[in-house]
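J.: Following this message is one structure expressed as structure tokens.
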């Protein structure tokens with residue numbers, strides 16, 4: 001509408017150069033056949049920059065258009081023939097990427113102030129309805145009926161206007177006029193259809209006698225111009241009509257026509273509606289506004305890497321600051337300060353700042369990038385640019401992973417043949433937990449909890465065990481997944497999301513177990529996608545659940561045995577409580593038989609090195625029981641590479657009986673049991689047998705919290 005408004009005003013203002021008939025025809029063409037606006041040069045340049053960034057991320061040639069290169073992309077040192085698309089691996093077209101309906105997760109805002117929805121304001125709703133000719137309620141509460149053209153429109157003038165413009169054409173003009181839905185556009189359209197010419201002759205005014213003119217009692221001065229009203233035919237030809245017929249066709253008043261044509265004899269364009277657009281008399285001078293902006297810019301700010309999905313432009317001020325402190329500093333430094341209300345208004349409307357540090361920030365790579373970038377001086381601009389680009393690539397990779405996670409979670413609720421799960425291991429839980437401080441100096445028994453969230457049913461399962469039953473390595477994680485899949489997954493496709501911890505999730509043991517699952521008739525799953533989120537940027541549904549458990553822990557000051565942690569987990573969420581699964585010793589299986597049946601190759605079928613620490617997506621398929629497909633990106637367009645683990649003596653694993661991981665139970669160290677026994681004097685006697693029967697081994701290590709870390713991530 002804005003673009004059309006400029007066009008109409010330009011054409012309407014050109015009446016001094018073009019003939020008025022030509023101007024009216026041009027405007028009518030714009031209204032009846034509006035041309036689609038083309039992208040501006042600035043928009044083209046911005047689009048080119050974005051596409052250039054995407055080419056850099058995916059390793060594309062600068063001359064290749066991004067939208068055409070997805071199917072041709074081949075990672076470095078990898079042949080096109082050895083790379084596989086998801087559709088090729090699965091053998092069907094069910095995984096074609098459908099971009100229609102994909103939600104946009106961008107909620108970027110340039111200022112702190114909330115986004116105003118002016119189109120929903122009552123006065124704007126009323127104004128828009130009036131411009132469209134619809135019924136509306138005015139400011140006095142009176143219902144104004146909708147504009148309607150008369151069915152039998154007649155004209156009593158000598159020109160017989162109703163014969164020149166037939167009723168169907170009258171309805172078309174009426175509809176087109178109110179379809180503009182903009183007061184200024186409608187005024188410009190009316191302006192173009194009325195020609196103002198110098199009067200051809202003068203008439204003696206009967207109501208103004210000679211004595212009246214001599215006495216100065218003239219009620220109106222003689223006119224200087226004549227107005228000729230026209231309506232366009234379907235063929236573009238303009239037909240002259242009388243003023244009465246013109247008003248009836250468009251349902252406008254004398255007053256509106258007078259205001260539209262007020263300055264037309266002077267050659268001015270159609271007037272703009274200035275109601276509600278005046279500059280306030282008490283407006284804050286621009287110099288004062290800039291003074292406040294400059295003052296706010298003096299405070300140090302820093303960016304958040306984790307909350308970019310909420311707002312890319314959000315920045316953070318030191319947490320000890322607030323608006324009152326800033327305003328006090330401002331008043332002490334400037335003469336004639338603005339009021340606090342104006343100060344806060346400028347702060348909210350021109351800056352996207354907040355005063356607290358984002359507590360979710362925990363990415364080591366981002367922190368490392370920031371330190372290195374800040375350390376670069378003015379002589380190291382190239383190094384600084386390289387680090388900035390590397391950081392941006394890291395952030396885009398993280399955003400891409402989270403975007404795909406949200407999209408898969410949405411699809412899981414609609415696709416009955418796909419299950420999407422997110423799993424993560426909770427921070428270790430100590431036992432016993434007692435109020436006395438001596439427990440800080442003694443080794444405690446660790447309780448482990450693996451959360452598995454089913455995105456389709458929105459159920460959260462908590463698999464709980466303690467270190468006397470099993471540890472928390474990849475075989476334990478795989479055993480929990482195996483139990484979950486056996487009991488709750490009845491679809492052909494399974495999509496799993498986890499963090500990049502190599503010691504637990506991204507390794508040959510979990511890979512061997514996934515290959516066993518897709519090839520075994522015990523399971524319905526034929527395809528497993530294992531996708532990894534970027535560490536430090538993956539605040540998932542499991543993390544939110546773990547946060548509820550941590551919050552609930554303060555209401556349970558005394559926890560004497562691992563089983564008591566179940567009470568904390570159950571109480572953490574009242575609506576849809578977490579489902580607890582107590583893992584027994586028989587539930588944990590060993591992948592040793594699966595590993596000895598394959599060869600852990602480090603080279604793919606295309607002879608390129610398999611870099612486990614860079615893998616972002618793993619795929620296992622029933623048709624390829626000994627192959628693992630992988631890629632270093634979360635983007636669907638990037639092709640998969642393949643590594644084949646089979647060897648000559650490999651056997652079909654579908655009927656393998658997997659052995660128990662700890663047939664006799666897991667043993668703890670002598671030192672840990674000694675410390676646990678020292679704590680029994682603070683534990684009720686009813687729980688003593690649990691600790692006394694713990695098995696010990698001289699070879700058992702003293703596992704500390706965090707022993708398996710994320711140090712091997714990207």
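Numbering (full-length UniProt numbering), first residue to last: 1 to 714. All C-beta atoms in this analysis are idealised placements derived from N, C-alpha and C, irrespective of residue type, glycine included.
Buried or exposed: which applies to residue 186, given that a residue is buried once 16 or more other Cβ atoms fall within 10 Å of its Cβ?
T.: buried
J.: Rounded to whole angstroms, what's the CA-CA distance from residue 436 to residue 643? Just pull it up for me.
T.: 54 Å
J.: Compare the Cα-Cα distances from residue 646 to each of 637, 627 and 490 and report the closest residue.
T.: 627
J.: Between the beta-carbon of residue 441 and the beta-carbon of residue 428, is there less than 8 Å?
T.: no
J.: For my contact list, residue 651 and residue 639 are in at a C-beta cut-off of 8 Å; report their separation, rounded to the angstrom.
T.: Not really, about 30 Å apart at Cβ, beyond 8 Å.
J.: Between which two residues does the beta strand (DSSP E) holding residue 740 run?
T.: A query on residue 740 cannot be resolved here, the shown segment of the chain reaching from 1 to 714 and no further.
J.: Near residue 225, which residues of its chain fall below 7 Å by C-beta distance, leaving aside the five closest residues on each side in sequence?
T.: Taking C-beta separations shorter than 7 Å and ignoring five residues to either side along the sequence, the partners of residue 225 in its chain run 196, 197, 198, 199 and 265, following chain order.
J.: Spatial neighbours of residue 586 within its chain, please: CB distance less than 7 Å, with the 5 preceding and 5 following residues excluded, ordered by chain position.
T.: If we look at residue 586 and ignore the five residues flanking it on each side, its Cβ neighbours are 660.
J.: For residue 493, which of 129, 621 and 115 has the nearest alpha-carbon?
T.: Among 129, 621 and 115, the Cα nearest to that of residue 493 is on 621.
J.: Excluding the 5 residues flanking residue 293 on each side, which residues of the same chain have their C-beta closer than 7 Å to its C-beta?
T.: The residues are 346 and 350.
J.: Using three-state DSSP, classify residue 548 as helix, strand or coil.
T.: helix
J.: In its own chain, which residues sit with a C-beta less than 7 Å from the C-beta of residue 516, not counting the 5 before and 5 after it?
T.: 594, 653 and 656
J.: What residue does the beta strand (DSSP E) around residue 515 start on, and which one ends it?
T.: Element bounds for residue 515: not the beta strand (DSSP E) but the alpha helix (DSSP H), 508-519.
J.: Could you tell me the alpha carbon to alpha carbon distance between residue 578 and residue 506, rounded to whole angstroms?
T.: Their backbone Cα atoms lie some 26 Å apart in a straight line.
J.: For residue 315, does the three-state DSSP call read helix, strand or coil?
T.: Of the three classes helix, strand and coil, the one that applies to residue 315 here is strand, per DSSP.
J.: Grab me the residues of residue 405's own chain with a C-beta within less than 7 Å of its C-beta, minus the 5 sequence neighbours each way, in chain order.
T.: 497 and 533
J.: Alpha helix (DSSP H) containing residue 343: first to last residue?
T.: 340-350
J.: According to DSSP, residue 402 sits in a beta bridge with which residue or residues?
T.: Residue 402 pairs with nothing; no bridge assigned.
J.: Around the C-beta of residue 152, are 16 or more other C-beta atoms found within 10 angstroms, so that it is buried, or is it exposed?
T.: exposed
J.: Among residues of its own chain, excluding the 5 on either side of residue 35, which ones have a beta-carbon nearer than 6 Å to its beta-carbon?
T.: Since pLDDT at residue 35 reaches only 37, below the 50 mark, its modelled position is unreliable, and no value is offered.
J.: The beta strand (DSSP E) that contains residue 641, what's its start and end?
T.: 641-644
J.: Can you check DSSP and say which residues form a bridge with residue 430?
T.: 446
J.: Hey, out of 317, 365, 289 and 344, whose CA is closest to residue 336's CA?
T.: 289
J.: Extract the residue ranges of the alpha helix (DSSP H) inside the stretch 124-177, only unbroken runs of 4 or more that lie entirely within it.
T.: With a minimum length of 4 residues, the unbroken runs of alpha helix (DSSP H) contained wholly in the stretch 124-177 fall at 161-164.
J.: Just the Cα atoms here: how many angstroms apart are residue 367 and residue 388?
T.: 12 Å
J.: Would you tell me roughly how many angstroms separate the C-alpha atoms of residue 179 and residue 127, rounded to the nearest one?
T.: Cα to Cα, residue 179 sits roughly 14 Å from residue 127.
J.: From the DSSP output, in three-state form, read off residue 560 for me.
T.: coil
J.: Contact check, residue 162 vs residue 154 under 8 Å by CB: the rounded distance?
T.: 5 Å
J.: Thinking C-alpha only, which one of 203, 194 and 553 is nearest residue 238?
T.: 194
J.: Going by DSSP, what residue range makes up the beta strand (DSSP E) through residue 423?
T.: First-last of the beta strand (DSSP E) with residue 423: 418-425.
J.: Answer yes or no: do residue 478 and residue 503 have a C-beta to C-beta separation smaller than 8 Å?
T.: no
J.: Let's test the definition: count the other Cβ atoms within 10 Å of the Cβ of residue 519 and tell me whether it reaches 16, buried, or not, exposed.
T.: buried
J.: When the distance is taken between beta carbons, is residue 490 closer than 8 Å to residue 457?
T.: no
J.: Confirm, please, whether the CB-CB distance from residue 273 to residue 184 is below 8 Å.
T.: yes
J.: Please work out which residues of its chain come closer than 6 Å, Cβ to Cβ, to residue 297, disregarding the five sequence neighbours upstream and downstream, and give them in chain order.
T.: none
J.: Within 10 angstroms of its Cβ, does residue 157 collect 16 or more other Cβ (buried), or is it exposed?
T.: exposed
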